[in-house]
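Student: Same order as they appear, the protein sequences are chains A and B. Residue numbering for the first sequence follows my numbering, beginning at 147 and increasing consecutively. Residue numbering for the second sequence follows my numbering, beginning at 4 and increasing consecutively. No residue lacks a Cβ here, since even glycine has one placed at the ideal position from N, Cα and C. Predicted, not measured: the structure shown is a model, and the values here were computed from it.
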Amino acid sequence: MIRVSSLTKSYLYKGKRKCVLDDLSFEIAGDESIAVIGANGAGKSTLLQLLGGIDVPDRGSIQCDGTISWPVGIEGGFQGSLTGRENVTFVSMIYGEKHEIDDRIKFVEDFAELGIYFDRPFKTYSSGMKSRLSFGLSMAFPFDYYLIDEITAAGDQKFREKSKRLLIDRKKTSNFLMVDHNLWGLQIHCNRAFLLESGRITEYTSVQEAIDIHTKTLLAELPPKSEVSRAA
Amino acid sequence: MEGTMSRLRQLSGFDIQWRVVNALVYRELRRRVSDVQGGFLAVLMEPVGQIAVWAALRFIVHPVGTVNNLNIFLFLAPGVILFNLYSRVASHGLTTMEANKALFFYRRVKPIDTVLAKAIEELGLYSCAAIVVFGIVWAYLYNLVLQNLPLLVTSFVLMALIGVASSLLSLVGSYYFPNLKQVLSWLNRALYFASGVIYSPIQTPQFARDILVYNPILQCIELSRKALSMDYQVPSQVTLGYPSGFALVYLSLALWCYTSNEKVLIRR
Chain A
147 MIRVSSLTKS YLYKGKRKCV LDDLSFEIAG DESIAVIGAN GAGKSTLLQL LGGIDVPDRG
207 SIQCDGTISW PVGIEGGFQG SLTGRENVTF VSMIYGEKHE IDDRIKFVED FAELGIYFDR
267 PFKTYSSGMK SRLSFGLSMA FPFDYYLIDE ITAAGDQKFR EKSKRLLIDR KKTSNFLMVD
327 HNLWGLQIHC NRAFLLESGR ITEYTSVQEA IDIHTKTLLA ELPPKSEVSR AA
Chain B
4 MEGTMSRLRQ LSGFDIQWRV VNALVYRELR RRVSDVQGGF LAVLMEPVGQ IAVWAALRFI
64 VHPVGTVNNL NIFLFLAPGV ILFNLYSRVA SHGLTTMEAN KALFFYRRVK PIDTVLAKAI
124 EELGLYSCAA IVVFGIVWAY LYNLVLQNLP LLVTSFVLMA LIGVASSLLS LVGSYYFPNL
184 KQVLSWLNRA LYFASGVIYS PIQTPQFARD ILVYNPILQC IELSRKALSM DYQVPSQVTL
244 GYPSGFALVY LSLALWCYTS NEKVLIRR
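#1: Mind listing, in chain order, the continuous alpha helix (DSSP H) runs of no fewer than 4 residues lying wholly within the region 257 to 333 of chain A?
#2: With 16 other CB atoms within 10 Å as the buried threshold, where does B/G6 fall?
#3: Counting C-beta neighbours from all protein chains within 10 Å, is the total for A/P217 16 or more, i.e. buried, or is it exposed?
#4: Starting from A/K155, trace the beta strand (DSSP E) in both directions and tell me its first and last residue.
#5: Which residues in chain A have a C-beta closer than 7 Å to the C-beta of B/L11? List them in chain order.
#6: Does DSSP put B/T98 in a helix, a strand or coil?
#7: Would a C-beta distance cut-off of 8 Å place A/Y292 and A/F322 closer than the cut-off?
#8: Taking C-beta to C-beta, are A/F287 and A/G242 nearer than 8 Å?
#9: Under 8 Å, do A/A181 and A/C336 count as touching if we go by C-beta distance?
#10: Using 10 angstroms around the beta-carbon of B/Y179, count the other beta-carbons present and answer buried if the total reaches 16, otherwise exposed.
#11: Put B/N191 into one of helix, strand or coil per three-state DSSP.
#12: Contact between the region 104 to 111 of chain B and the region 194 to 208 of chain A is defined here as three or more beta-carbon pairs at a separation below 8 Å; is this criterion met?
#13: What are the residues that DSSP puts in a beta bridge with A/Y350?
#14: Under a three-way DSSP split, which group does A/Q209 fall into?
#15: Please classify B/L60 as buried or exposed, where buried requires at least 16 other C-beta atoms within 10 Å of its C-beta.
#16: With DSSP as the reference, label B/A197 as helix, strand or coil.
#17: Can you find a CB in chain D that lies within less than 8 Å of the CB of A/F264?
#18: For A/I183, which beta-bridge partners are listed by DSSP?
#19: Less than 8 Å between the beta carbons of B/L268 and B/S177, yes or no?
#20: Any C-beta of chain A sitting closer than 8 Å to the C-beta of B/F108?
#21: Give me the Cα-Cα distance between B/Y261 and B/R12, rounded to the nearest whole angstrom.
#22: Pick out whichever of B/L161, B/K229 and B/L215 has its Cα sitting closest to the Cα of B/L251.
#23: Helix, strand or coil for A/V381? Go by DSSP, reduced to three states.
#24: How far does the beta strand (DSSP E) with A/I174 in it reach, from first residue to last?
#25: Quick one: what's A/P217 bridged to in DSSP?
#26: Is B/G6 helix, strand or coil when you go by DSSP?
#27: Below 8 Å CB to CB, which residues in the same chain sit around A/T213 once its five sequence neighbours on both sides are set aside?
#28: B/L73 bridges to which residues according to DSSP?
Listed below in structure tokens is the structure:
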């Protein structure tokens, strides 16, 4: 279970403090996966980072009785001059049990299907190869909650399908806190939604309902068709 | 595959830190082997090169093979190696936040872990450098008499601890004062000449010696030379108690400063 109380986060922008999350309080039960929906810049990724303990709030508290992943698919933590295997070993030494390190490496090697590139420096990888390695690494550890930020948009079709299947399988034992502009993906994996607007959240028990309201709000902000054509 | 993997355990703070530091040492050593041309040899050659240059300069100015009853190479080696050890550990704090920013996405990794890992790595590498230099001296000059090994080891450990404290303070300081990097770089150079790396403090004028002995780095270097030969004369103020007490107080201050600011440092 995750319990959040009075969570507030702001950033300094051009000398002024901009409040991104304003006094949020909510609970996530141990068997729930949450879709976080909102427009660009609404604070979805910030909320995920705070829940994951990667960033600290200005005020408020987050209590969690399970383990939370790093943002799934993040590539920044990889050292370019090290091979895929060495990078995976590094993370496995931190998160895995000593006797399971080889199993974790094997899992990532099999999932990523990099062949000989698994033993070549990370900086030589294509963007698709990087995505496969980083997603495989995230899934090599059975966390209670996975932070998933836009991951389903990465890689080629085969990788996306493979990732989707792995996520569905992982859903049986873990929960997701998910941000994705591919709203259809959210429906598959989540059973509740938070709609973020102006720093506040509205909770929805139906993901579909939240998506409908969000889509309607976004489309209502569009200028009429004639004005768009004139601007173009 | 999933079935063979156990759920992640909730670990104690100490267990997490132990794992993280181990992993960071592994990562840094692998990176050094891949990135630095010549790998470990390049790291080991750095102090050897410095020793050779200073030995040559000293010999030109004053063509005698000993300094204060100690072979010139044995005299220079502890100074150069220990000061480099301190300097590399201490300066790491200035760059670690920027260099390792992405690593902090793994919530178990904290800035202090990168500092500790660096200290362990450098302590290991410079200990190897010391063994190589002493080995060369032993092989060619046959006059290496290591009279107090525990004192030599203690000097290395104290130097690494003082380096960790300086690193933590500069880690916090550079967050509040970004220009600190420039200032500390000059300070480091001044410290090199105030630490008795290339001269014996007992041979300096009394008034200068009375000030220099307050420098704990100089005291560590002097103690390590004393450990090599009991004939080596050190100022009366040089004792193991002073650098040990200094390291304890300095490290406590640095840890207090770091823990009070850790959240500010990882804030994005």
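Tutor: To lay it out plainly:
#1: Qualifying alpha helix (DSSP H) stretches, in chain order: 273 to 285 and 303 to 316.
#2: Position 3 of the second sequence holds residue 6 of chain B. Residue confidence for B/G6 is low, a pLDDT of 46 falling below 50, so the modelled location carries little weight; the figure read from the coordinates is stated next. An exposed status is given to B/G6, since fewer than 16 other beta-carbon atoms sit within 10 Å of its beta-carbon.
#3: In the first sequence, the residue the question calls residue 217 of chain A occupies position 71. Taking all protein chains in view, the Cβ of A/P217 is crowded by 16 or more other Cβ atoms within 10 Å, so the residue is classified as buried.
#4: Here residue 155 of chain A corresponds to residue number 9 of the first sequence, with the count starting at 1. That run of the beta strand (DSSP E) goes I148 to Y159.
#5: In the second sequence, counting from the first residue as 1, residue 11 of chain B sits at position 8. Around B/L11, the beta-carbon contacts reaching into chain A at under 7 Å are T213, Y241, F287, P288 and F289.
#6: Within the second sequence, the letter at position 95 stands for residue 98 of chain B. Here B/T98 carries a helix assignment [DSSP, helix/strand/coil].
#7: By 1-based counting over the first sequence, the position of residue 292 of chain A is 146. By 1-based counting over the first sequence, the position of residue 322 of chain A is 176. In this structure, A/F322 lies closer than 8 Å to A/Y292 by Cβ.
#8: As a first step, residue 287 of chain A must be located in the first sequence, where it is residue number 141. As a first step, residue 242 of chain A must be located in the first sequence, where it is residue number 96. Taking C-beta atoms as the reference points, A/F287 and A/G242 count as a pair closer than 8 Å.
#9: One-based indexing of the first sequence puts residue 181 of chain A at position 35. One-based indexing of the first sequence puts residue 336 of chain A at position 190. Yes, they are a contact pair.
#10: Against the second sequence, residue 179 of chain B aligns to sequence position 176. That one is exposed.
#11: By 1-based counting over the second sequence, the position of residue 191 of chain B is 188. Three-state DSSP puts B/N191 in a helix.
#12: Contact between the region 104 to 111 of chain B and the region 194 to 208 of chain A is present, because at least three Cβ pairs lie under 8 Å.
#13: Taking the first residue of the first sequence as position 1, residue 350 of chain A is located at position 204. According to DSSP, A/Y350 bridges with A/A339.
#14: For the purposes of this step, residue 209 of chain A is taken as the residue at position 63 of the first sequence. A/Q209 falls in the strand class under three-state DSSP.
#15: Here the question's residue 60 of chain B lines up with position 57 in the second sequence. Exposed, because fewer than 16 other Cβ atoms sit within 10 Å of the Cβ of B/L60.
#16: Counted from its first residue, the second sequence places residue 197 of chain B at position 194. Note: B/A197 maps to coil in three-state DSSP.
#17: In summary, chain D is missing from the structure at hand, where the protein chains are A and B.
#18: Walking along the first sequence from the start, residue 183 of chain A turns up at place 37. In the DSSP output, where bridge partners are listed per residue, A/I183 has A/L341.
#19: The count along the second sequence starts at 1 and reaches residue 268 of chain B at position 265. The count along the second sequence starts at 1 and reaches residue 177 of chain B at position 174. Contact flag unset, no.
#20: To locate residue 108 of chain B, count along the second sequence from 1; it is residue 105. Yes, its Cβ sits closer than 8 Å to a Cβ of chain A.
#21: For the purposes of this step, residue 261 of chain B is identified with residue 258 of the second sequence, where counting begins at 1. For the purposes of this step, residue 12 of chain B is identified with residue 9 of the second sequence, where counting begins at 1. Spanning the two alpha carbons is a distance of roughly 27 Å.
#22: Start at 1 with the first residue of the second sequence, and residue 251 of chain B comes out as number 248. For B/L251, the nearest C-alpha among the options comes from B/L161.
#23: Nothing can be reported for residue 381 of chain A, as the shown portion of chain A is limited to 147 through 378.
#24: The count along the first sequence starts at 1 and reaches residue 174 of chain A at position 28. Under the DSSP assignment, A/I174 falls in the beta strand (DSSP E) whose first and last residues are K162 to I174.
#25: Looking up residue 217 of chain A in the first sequence gives position 71. Its beta-bridge partners are A/L293.
#26: Looking up residue 6 of chain B in the second sequence gives position 3. Because the pLDDT at B/G6 is just 46, under 50, the model does not fix this residue reliably, and the point stays unresolved.
#27: Working through the first sequence from its first residue, we reach residue 213 of chain A at position 67. The answer, listed in chain order, is F289, D290 and Y291.
#28: The sequence position of residue 73 of chain B within the second sequence is 70, counting from 1. Residue pairing from DSSP places B/L73 in a beta bridge opposite B/V70.
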